[in-house]
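**Student:** Dropping the structure in here first, questions after.
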Amino acid sequence: ATAAANMGAKTCLVTMDMNKIAQMSCNPAVGGIAKGQIVREIDALGGQMGIVTDRASIQFRMLNRSKGPAVWSPRAQCDREKYIWTWRSVLDRTENLHVWQDTVRELIYEPVGVQQEEGQNDRKNLDSEKSPKKSADKLRVVGLRTYTDCEFQAKCVIITAGTFLNGLMHIGRTQLVGGRCAEPASLQLSESISQTGIRVGRMKTGTPVRIDKRSVDFSLMEEQPGDEIEGHFSYMHDADPGRTDGQAPLKQLPCWITYTNAAVHEVLRSGFADSPLYNGQIQSIGPRYCPSIETKLHTFPDKEQHLLFLEPEGTDTNEMYLNGFSSSLPIDIQLGALRQIPAFRNLEVYRPGYAIEYDYFDPTQLSHSLESKVVQNLFLAGQVNGTTGYEEAAGQGLMAGINAAIKSNPAINGGEPFTLSRNEAYIGVLIDDLVTKGVDEPYRMFTSRAEYRILLRQDDADMRLTEKSYRLGLATRERYDLMADKRQRIEAIIGFCQNFSLKPALINTVLEALGTAPLSQGIKLDDLLLRPQITFVGILPHILPLQRAVEKICLGSRCPMSELLEAAEIRIKYAGYIAREQQAAEKMLRLENIRIAGKFDYPNLSQISIEARQKLQAIQPVTLAQASRIPGVSPSDI
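Written out as structure tokens, the structure is:
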């Protein structure tokens with residue numbers, strides 16, 4: 001909504017409860033492996049998630065530091081309530097953005113070709129006997145109706161309903177209709193959409209118990225603090241990261257680690273007969289990479305313990321989130337099992353874990369802009385496309401908002417959809433995977449899904465994407481100037497290293513102390529930095545000319561010196577790998593430039609396999625490269 005509004009589109013956000021906007025349904029954290037890269041990309045494109053996260057952060061960690069920078073991933077623990085109200089304040093200050101508290105009952109359609117006129121009275125929902133049928137001409141959405149009988153007309157509609165479409169919660173054999181704990185489900189809307197020919201399916205996810213920290217013995221747990229140097233998600237930061245309104249940083253809190261044991265597992269197994277996952281109550285597919293505790297026991301029966309990660313929900317609450325213990329078992333089983341853990345002997349909880357089933361729509365029926373191929377001007381984003389995770393949803397929401405704004409005003413971007421390729425962004429990988437391959441389980445992003453992950457690092461998302469967004473009118477001039485200034489300073493640091501020669505007498509003592517071979521002759525500084533033992537942090541205090549040059553280059557920068565040095569060091573150390581991956585991406589780009597949409601009669605293309613014909617006919621790829629990524633389409637078919 002903020003993306004569309006900031007691009008000038010008159011936007012209305014319809015939500016069931018204004019006090020639950022940006023509610024973190026599951027754990028109170030943003031980022032993680034590959035997910036942190038998506039948040040950095042959202043920020044680079046002019047989105048707000050990184051800024052809001054920084055303002056609500058109570059712990060920051062850069063994950064995978066022991067590995068290469070291609071997989072470094074930022075993660076922030078957040079204060080759940082402050083995250084909600086920080087987002088509310090962003091919405092309240094956004095021009096062109098209106099909020100309406102209500103529940104959408106149905107969408108309004110008309111056949112393509114009918115002129116939209118103010119007050120037109122022949123627009124119907126498909127339930128009407130006078131409405132266009134499935135066999136009629138292609139439809140477009142022109143508005144919606146709510147449960148309070150309000151009608152909104154719109155050039156475009158974006159559905160971001162999360163788990164609320166026909167949501168059904170499970171706790172043991174108990175079933176509750178709802179989209180989230182203590183919140184109603186969205187009924188009828190899913191049927192209004194599926195009647196157009198958009199395919200609907202069911203998926204399942206879950207969430208753990210919420211714990212009262214006063215009942216936990218933390219002396220029996222392992223403390224996990226955040227990074228010593230406070231990090232940030234947003235590139236729009238000063239010395240006070242992401243808090244341009246003068247708000248002081250929140251108190252930083254630790255997370256805690258403990259483990260299940262044999263006694264825990266015994267209690268859990270005693271409740272399997274009442275588990276909706278195994279008694280036939282739940283038929284839909286759950287997330288492979290975020291399994292329930294009962295699924296872990298079933299899949300890994302010989303494993304003696306499972307990691308549990310206790311996360312604070314905020315600075316002013318006793319509520320804590322038990323990551324790793326998602327469950328839909330009966331309440332007494334959940335509580336009895338947890339009390340077998342020494343730190344939880346006297347455990348009290350606020351609410352049990354539960355599973356939830358919900359409707360989703362087949363993402364292969366979407367274009368890369370996230371507009372439906374079945375209904376014009378209808379965009380789908382987030383969990384309704386078969387994904388799981390805040391970050392995956394946010395990336396889709398941003399792209400849907402951008403493209404809906406373009407569709408509403410063809411003067412933006414020449415009316416051409418804005419899409420990102422697989423070598424430009426994790427968001428591009430995410431959307432391409434969805435619309436090309438579809439989903440058979442809730443989709444979660446990993447670094448391993450990106451074949452060009454050296455090009456898609458978290459440290460350079462602004463270099464990759466901010467200029468593109470600025471041209472669209474989403475990223476501000478301030479954001480663009482900050483990126484341009486940062487780029488110039490990084491290039492200056494790299495240029496100094498390429499031209500500065502080090503003599504053995506100046507550096508050999510330091511090299512031996514760092515555990516690397518001394519020099520026998522002079523060497524350029526950038527060549528020395530190729531050694532794995534050598535970092536800017538390690539050598540900067542010992543090379544006075546470098547220290548002076550860096551201080552001069554960084555003088556007056558809004559970007560911290562540490563961030564500029566890290567970016568320059570990564571560029572120097574991985575220059576060969578980056579160049580090689582760029583060449584591979586450019587080779588694939590040739591296939592991306594060969595457009596095949598509407599040029600082949602696939603069912604009658606006898607030269608390729610029957611499976612390939614069927615898959616190509618169903619997906620209708622836009623380019624030859626997209627066709628090559630469809631499961632079942634072989635290189636010889638291409």
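Taking the numbering used here, the leading residue of the sequence shown gets 1, the next gets one more, and so forth. Idealized CB from N, CA, C, for every residue including glycine. It should be emphasised that the depicted structure is a prediction, and the values quoted were computed from it without experimental measurement.
For the segment 497 to 548, list the alpha helix (DSSP H) runs that are entirely contained and at least 4 residues long, ordered along the chain.
**Tutor:** The segment 497 to 548 contains these whole alpha helix (DSSP H) runs: 504 to 513, 525 to 528 and 536 to 539.
**Student:** Can you name the start and end residues of the alpha helix (DSSP H) that TRP85 belongs to?
**Tutor:** Start and end: 80 to 92.
**Student:** Go ahead and pull the three-state DSSP assignment for CYS554.
**Tutor:** CYS554: helix per DSSP, three-state reduction.
**Student:** Note down the Cα distance separating VAL71 from ALA34, rounded to an integer number of angstroms.
**Tutor:** Rounded to the nearest angstrom, the two C-alpha atoms are 7 Å apart.
**Student:** What would DSSP say about ASP332, mapped onto helix, strand or coil?
**Tutor:** The answer is helix: DSSP assigns ASP332 an H, G or I state.
**Student:** Could you tell me the boundaries of the alpha helix (DSSP H) in which ARG571 lies?
**Tutor:** Note, ARG571: alpha helix (DSSP H), 561 to 573.
**Student:** For ASP462, which residues in the same chain have their Cβ closer than 6 Å to its Cβ, ignoring the five residues on either side in sequence?
**Tutor:** ALA44, TYR235 and MET483, listed in sequence order.
**Student:** Where do the ends of the beta strand (DSSP E) carrying GLY143 lie?
**Tutor:** From DSSP, the beta strand (DSSP E) with GLY143 extends over 139 to 146.
**Student:** Whose C-beta lies closer than 6 Å to the C-beta of LEU107 among residues of the same chain, with five residues either side of it excluded?
**Tutor:** Counting only Cβ-Cβ distances below 6 Å, and skipping sequence neighbours, we find VAL141, LEU144 and SER192.
**Student:** Within the segment 159 to 216, note down every full beta strand (DSSP E) run reaching 3 residues or more, in order along the chain.
**Tutor:** You should have 168 to 171, 174 to 177, 200 to 207 and 210 to 212.
**Student:** Pull up the distance between the alpha-carbon of GLY473 and that of PHE418, whole angstroms please.
**Tutor:** Each residue's Cα considered, the two are about 12 Å apart.
**Student:** Quick check: the Cα distance between GLU266 and ASP17, rounded to an integer number of angstroms?
**Tutor:** Distance between the alpha carbons of GLU266 and ASP17: 41 Å.
**Student:** Suppose you measure from the CA of GLU129 to the CA of LYS204; what does that come to, to the nearest Å?
**Tutor:** Residue placement at GLU129 cannot be trusted, given a pLDDT of 43 that sits under 50; the coordinates are not used to answer.
**Student:** Under 8 Å, do SER328 and TYR354 count as touching if we go by C-beta distance?
**Tutor:** Yes.
**Student:** Which whole-angstrom value describes the C-beta separation of ASP227 and PHE379, a residue pair presumed to lie in contact below a C-beta threshold of 8 Å?
**Tutor:** ASP227 to PHE379, Cβ: 37 Å. No contact.
**Student:** In the structure shown, what three-state DSSP assignment does PHE344 receive?
**Tutor:** PHE344 falls in the helix class under three-state DSSP.
**Student:** Quick check on the DSSP output: the alpha helix (DSSP H) that includes TYR358 runs from which residue to which?
**Tutor:** Where TYR358 is concerned, there is no enclosing alpha helix (DSSP H), although the beta strand (DSSP E) it sits in stretches over 354 to 361.
**Student:** What three-state label does DSSP hand LEU107 in the structure shown?
**Tutor:** LEU107: strand per DSSP, three-state reduction.
**Student:** For PRO74, write down the residues that DSSP places opposite it in a beta bridge.
**Tutor:** For PRO74, which the question treats as bridged, DSSP gives the partners MET62.
**Student:** Is DSSP giving THR15 helix, strand or coil here?
**Tutor:** In this structure, THR15 counts as strand in the three-state DSSP scheme.
**Student:** Where does HIS98 sit, in a helix, a strand or coil, going by DSSP?
**Tutor:** In the structure shown, HIS98 sits in a strand (DSSP, three-state: E or B).
**Student:** In this structure, how does DSSP classify THR258 when only helix, strand and coil are distinguished?
**Tutor:** If DSSP states are grouped into helix, strand and coil, THR258 belongs with the strands.
**Student:** When the Cβ atoms of the segment 587 to 599 are set against those of the segment 546 to 563, are three or more pairs found closer than 8 Å?
**Tutor:** At 8 Å Cβ cutoff, the stretches do not touch.
**Student:** Thinking just about the alpha-carbon of each residue, which of CYS26, GLY68 and ASN96 is nearest to the one in GLN77?
**Tutor:** GLN77 has its Cα closest to that of CYS26, out of CYS26, GLY68 and ASN96.
**Student:** Taking the CB atoms as reference points, tell me whether ILE21 and LEU91 lie closer together than 8 Å.
**Tutor:** Going by C-beta atoms, ILE21 is nearer than 8 Å to LEU91.
**Student:** Determine the burial state of GLN396: buried for a count of at least 16 other Cβ atoms within 10 Å of its Cβ, exposed for fewer.
**Tutor:** Answer is buried; the Cβ neighbour count reaches 16.
**Student:** Would you say GLU566 lies against chain D (beta-carbon separation less than 8 Å)?
**Tutor:** Looking at the structure shown, chain D is missing, and only one protein chain is on hand.
**Student:** Alpha helix (DSSP H) containing LEU474: first to last residue?
**Tutor:** Unbroken run through LEU474: none, as it is neither H nor E.
**Student:** Going by DSSP, which residues form a beta bridge with VAL622?
**Tutor:** Note: VAL622 sits in no beta bridge, so no partner.
**Student:** Give me, in chain order, the residues of the same chain whose beta-carbon lies closer than 7 Å to that of ARG269; leave out the 5 immediate sequence neighbours on both sides.
**Tutor:** Result list for ARG269: LEU297, in chain order.
**Student:** Relative to the C-alpha of GLY538, which candidate in ASN318, LEU13, SER520 and LEU514 has its C-alpha closest?
**Tutor:** Nearest C-alpha to GLY538: LEU514.
**Student:** Given LEU434, which residues of its chain have a CB within under 6 Å of its CB, disregarding the five upstream and five downstream residues?
**Tutor:** Hits under 6 Å: PRO363 and ASN385.
**Student:** Does the segment 396 to 412 come close enough to the segment 3 to 12 that 3 or more CB-CB pairs lie under 8 Å?
**Tutor:** Touching, per the Cβ criterion.
**Student:** So, with DSSP's three-state summary, where would you put TYR470?
**Tutor:** Reduced to three states, the DSSP call for TYR470 is helix.
**Student:** Can you give me the Cβ contacts of ARG351 inside the same chain, cut-off strictly under 8 Å, excluding the 5 residues immediately before and after it?
**Tutor:** CYS181, VAL209 and ARG210.
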